[in-house]
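Q: Just so you know, we're using our numbering here: the sequence shown kicks off at 136 and counts up by one.
My questions will all concern the structure given below.
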Amino acid sequence: MAAVDRVGRSGWYVLGDEVRTFERQLSELMARDHAVGCASGLDAIEISLRALGLRPGDEVLTTPFSAFATTLAILRAGGVPVFVDVDETGLVDLKLAAQCIESHPTIRYFVPVHLFGQSLDLNALQALKEKHDLAIVEDCAQAIGARSNGRATGCIGEAATLSFYPTKNLGALGDGGAMVFDDAGLAETARTLRDYGQAGKYVHDRLGLNSRLDELHAAILRTAFLPRLAQWTERRTQIAQRYLEGLSNPAVVPLPTPAGSEAVWHLFPVQTSGGGRDDLCDWLRKADVQASVHYPHLIPHQKGLEEAAQGYRVFGSLETAERLSKEEVSLPIHPYLEDAEIDRVIELVNRWRGS
Ligand SMILES: *Cc1c(COP(=O)(O)O)cnc(C)c1O
């Protein structure tokens, strides 16, 4: 409320000191030199790809198992998504990604997603990047503050992107997003693209977007939420630990996590065997426990993709993503869950007898 009052009285509502200060703090948190705020996680990916020089028709390797926004951003930038399967963690399979690039050497761009708050193996990602000279935009919308073998998630790609959608680990009171870079030129291009492609007052060097972060959101994020992020993440980690120790139903198994991942537990995904997924969701919902599914449909199966004039490609089979889209359930996890509530979820899941 103090932030709302301060911005309201300031008379300055778009791209001002609040955004600049928030960007500085965000770049420190993400261990990158520059942060650029924008209107959403979707726009952050589109703008980053365009800043990296993506041209219409360029192929962009990505995952079929994510928020639709990951692919939508690639399409909006004019890219042709190339989908490669995930591994048993639900994150893109970096070995398959390497095979795909070896057989399609025209692929220059990669948008991996650090899904569920888990970090992809950054050593493997860096090796892939160097071997194939890829330009990478890491989608960190679910993974702010995650690490891999001690390194900050989002430090391998030329760019990494964040979303401040209210349900994200760092959520605003509305929509918002950001991108981080080390290269000052890329950051400058991103600043231009988020503001109609405006390089100076009324001078338009690019065809940009209106994708600015409001002062109000920046002020609230910076003064009310960012200072609490570390303790929220710690609480999410405690809850995940409690689930991992307490869940004992052999029909409901937590998804394995990538090697070296130090997660921020945006979600707590489990897999159900034997086609019991919907039954488990019903069982939990009847007991007033919110169970959700991430994600019930693979992106390449979404009808909206038919509108993409440039089309898309699928590399090999997507069988693991298909299986997870039928078996995954996300158990409740957020910083204000109490131990008694977590224990009740554990008890319900352990008592579930399958379909
Ligand atoms: C939420 C999300 C996005 C999109 O962010 P918005 O701010 O909602 O546009 C992109 N990628 C992933 C993985 C997400 O979870």
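Where is the CB? At the ideal position from N, CA and C, for every residue including glycine.
Is any non-hydrogen atom of ligand 1 found closer than 7 Å to the C-beta of G188, if you look at the structure I gave you?
A: Mapped onto the sequence shown, residue 188 falls at position 53. Answer for G188: no, Cβ out of range of ligand 1.
Q: What are the boundary residues of the alpha helix (DSSP H) that includes G411?
A: The residue you call residue 411 lines up with position 276 of the sequence shown. No alpha helix (DSSP H) holds G411; DSSP gives it neither H nor E.
Q: According to DSSP, is G343 helix, strand or coil?
A: Residue mapping note: residue 343 aligns to position 208 of the sequence shown, counting from 1. Here G343 sits in coil by DSSP.
Q: Note down the Cα distance separating V215 from Y331, rounded to an integer number of angstroms.
A: Position 80 of the sequence shown, counting from 1, holds the residue named residue 215. Position 196 of the sequence shown, counting from 1, holds the residue named residue 331. If I take the Cα positions, the gap works out to 24 Å.
Q: Do you know offhand how far T327's Cα is from S183's?
A: Counted from its first residue, the sequence shown places residue 327 at position 192. Counted from its first residue, the sequence shown places residue 183 at position 48. Distance between the alpha carbons of T327 and S183 is about 11 Å.
Q: Across which residues does DSSP place C173 in a beta bridge pair?
A: As a first step, residue 173 is located in the sequence shown; it is residue number 38 there, counting from the start. Answer is G312.
Q: One question on the structure: do E153 and A354 come within less than 8 Å of each other, judged by their Cβ atoms?
A: For the purposes of this step, residue 153 is taken as the residue at position 18 of the sequence shown. For the purposes of this step, residue 354 is taken as the residue at position 219 of the sequence shown. A contact, by the Cβ cut-off of 8 Å.
Q: Report the start-end ranges of each beta strand (DSSP E) in the segment 250–332 that is 3 residues or longer and not cut off at the edges.
A: Those beta strand (DSSP E) runs which fall completely within the segment 250–332 and span 3+ residues are 270–274, 294–298, 312–316.
Q: In chain order, what residues of the same chain have a beta carbon less than 6 Å from the beta carbon of F218, not counting five sequence neighbours either side?
A: Taking the sequence shown and counting its residues from 1, the one referred to as residue 218 is at position 83. Cβ neighbours of F218 beyond the five flanking positions: P199, P435, V449.
Q: Heavy atom of ligand 1 less than 7 Å from the Cβ of V387, yes or no?
A: The residue given as residue 387 occupies position 252 in the sequence shown. The answer is no for V387.
Q: Might you give, ordered along the chain, the residues of its own chain that have their beta carbon closer than 6 Å to the beta carbon of D317, omitting 5 neighbours on each side?
A: As a first step, residue 317 is located in the sequence shown; it is residue number 182 there, counting from the start. Closer than 6 Å at the Cβ level, and outside the excluded window around D317, lie R167, D168.
Q: Below 8 Å, can you find three or more Cβ-Cβ pairs linking the segment 219–238 to the segment 274–287?
A: The segment 219–238, when compared against the segment 274–287, does not touch it at the 8 Å Cβ threshold.
Q: How should L379 be labelled, buried or exposed, when 16 other C-beta atoms within 10 angstroms of its C-beta is the threshold for buried?
A: Within the sequence shown, residue 379 is the residue found at index 244, counting from 1. Under this definition L379 is an exposed residue.
Q: Along the chain, where does the beta strand (DSSP E) containing Q406 start, and where does it finish?
A: Working through the sequence shown from its first residue, we reach residue 406 at position 271. 403–407 is the span of the beta strand (DSSP E), which, as asked, contains Q406.
Q: Whole-angstrom Cβ separation of L466 and A426, contact assumed at under 8 Å?
A: For the purposes of this step, residue 466 is identified with residue 331 of the sequence shown, where counting begins at 1. For the purposes of this step, residue 426 is identified with residue 291 of the sequence shown, where counting begins at 1. Indeed, because the Cβ distance is near 7 Å, the residues count as touching under 8 Å.
Q: Using the three-state DSSP reduction, which class does T224 fall into: helix, strand or coil?
A: Stepping through the sequence shown from its first residue, residue 224 is reached at position 89. It is coil, neither helix nor strand.
Q: Kindly list the residues whose CB is nearer than 6 Å to the CB of E397, restricted to its own chain and excluding five residues on each side of it in sequence; keep chain order.
A: Position 262 of the sequence shown, counted from the start, is the residue given in the question as residue 397. Excluding residues within five positions, the ones whose Cβ falls inside 6 Å are R282.
Q: Taking the alpha helix (DSSP H) that T368 falls in, what are its first and last residues?
A: As a first step, residue 368 must be located in the sequence shown, where it is residue number 233. It spans 364–381 - the alpha helix (DSSP H) in which T368 sits, taken as one unbroken run.
Q: Residues near ligand 1, CB to any non-hydrogen atom under 6 Å, in chain order?
A: In chain order, the qualifying residues are S175, G176, L177, S201, A202, A204, T205, V248, D274, A276, Q277, S298, Y300, D310, G312.
Q: Please report how far the alpha carbon of A212 lies from the alpha carbon of L189, in whole angstroms.
A: Taking the first residue of the sequence shown as 1, we reach residue 212 at position 77. Taking the first residue of the sequence shown as 1, we reach residue 189 at position 54. Near 7 Å, if we compare the C-alpha coordinates of L189 and A212.
Q: Mind checking whether L433 and S452 have CB atoms under 8 Å apart?
A: As a working mapping, residue 433 is identified with position 298 in the sequence shown. As a working mapping, residue 452 is identified with position 317 in the sequence shown. No, the pair does not count as a contact, with Cβ atoms beyond the cut-off.
Q: What did DSSP end up calling E181 once you bin it into helix, strand or coil?
A: Taking the first residue of the sequence shown as 1, we reach residue 181 at position 46. E181: helix per DSSP, three-state reduction.
Q: Out of I468, E476, W487, D474, which has the shortest C-alpha to C-alpha gap to T302?
A: The residue you call residue 302 lines up with position 167 of the sequence shown. Taking only the C-alpha atoms, the option nearest T302 is I468.
Q: I'd like the span of the alpha helix (DSSP H) that includes L161, first residue to last.
A: The count along the sequence shown starts at 1 and reaches residue 161 at position 26. 152–164 is the span of the alpha helix (DSSP H), which, as asked, contains L161.
Q: For F360, which of helix, strand or coil comes out of DSSP?
A: Against the sequence shown, residue 360 aligns to sequence position 225. Correct three-state label for F360: helix.
Q: Confirm, please, whether the CB-CB distance from L297 to G176 is below 8 Å.
A: Numbered from 1 along the sequence shown, position 41 holds the residue referred to as residue 176. Numbered from 1 along the sequence shown, position 162 holds the residue referred to as residue 297. Contact flag set, yes.
Q: Could you pull the start and end residues of the beta strand (DSSP E) that L196 belongs to?
A: Along the sequence shown, one-based indexing puts residue 196 at 61. That run of the beta strand (DSSP E) goes 194–197.
Q: Closest by CA to L305, which one among C290, A319, C275, A334?
A: Translated into the one-based positions of the sequence shown, residue 305 becomes position 170. When each option's Cα is compared against that of L305, the closest is C275.
Q: May I ask which residues mark the beginning and end of the alpha helix (DSSP H) holding N203?
A: Along the sequence shown, one-based indexing puts residue 203 at 68. In the sequence as presented, Asn is not what sits at residue 203; that position holds Phe. Looking at the DSSP string, the run of the alpha helix (DSSP H) that includes F203 is 203–211.
Q: Where Y447 and A208 are concerned, what is the direct C-alpha to C-alpha distance, given to the nearest angstrom?
A: The residue given as residue 447 occupies position 312 in the sequence shown. The residue given as residue 208 occupies position 73 in the sequence shown. Cα-Cα distance, rounded: 13 Å.
Q: Report the option in C235, V272, S145, L231 whose CA atom is closest to the CA atom of H249.
A: Here residue 249 refers to the residue found at position 114 when the sequence shown is read from its first residue. For H249, the nearest C-alpha among the options comes from V272.
Q: Out of L269, T358, F245, C235, state which residue places its alpha-carbon closest to the alpha-carbon of A137.
A: Counting from one through the sequence shown, the residue named residue 137 turns up at place 2. Here the closest residue by C-alpha is T358.
Q: With the cut-off set at 8 Å, would you say G395 and D268 are in Cβ contact?
A: Numbered from 1 along the sequence shown, position 260 holds the residue referred to as residue 395. Numbered from 1 along the sequence shown, position 133 holds the residue referred to as residue 268. The answer is no: Cβ separation not under 8 Å.
Q: Report the option in R155, F299, Y148 whose CA atom is closest to the CA atom of A322.
A: For the purposes of this step, residue 322 is taken as residue 187 along the sequence shown, with counting starting at 1. Here the closest residue by C-alpha is R155.
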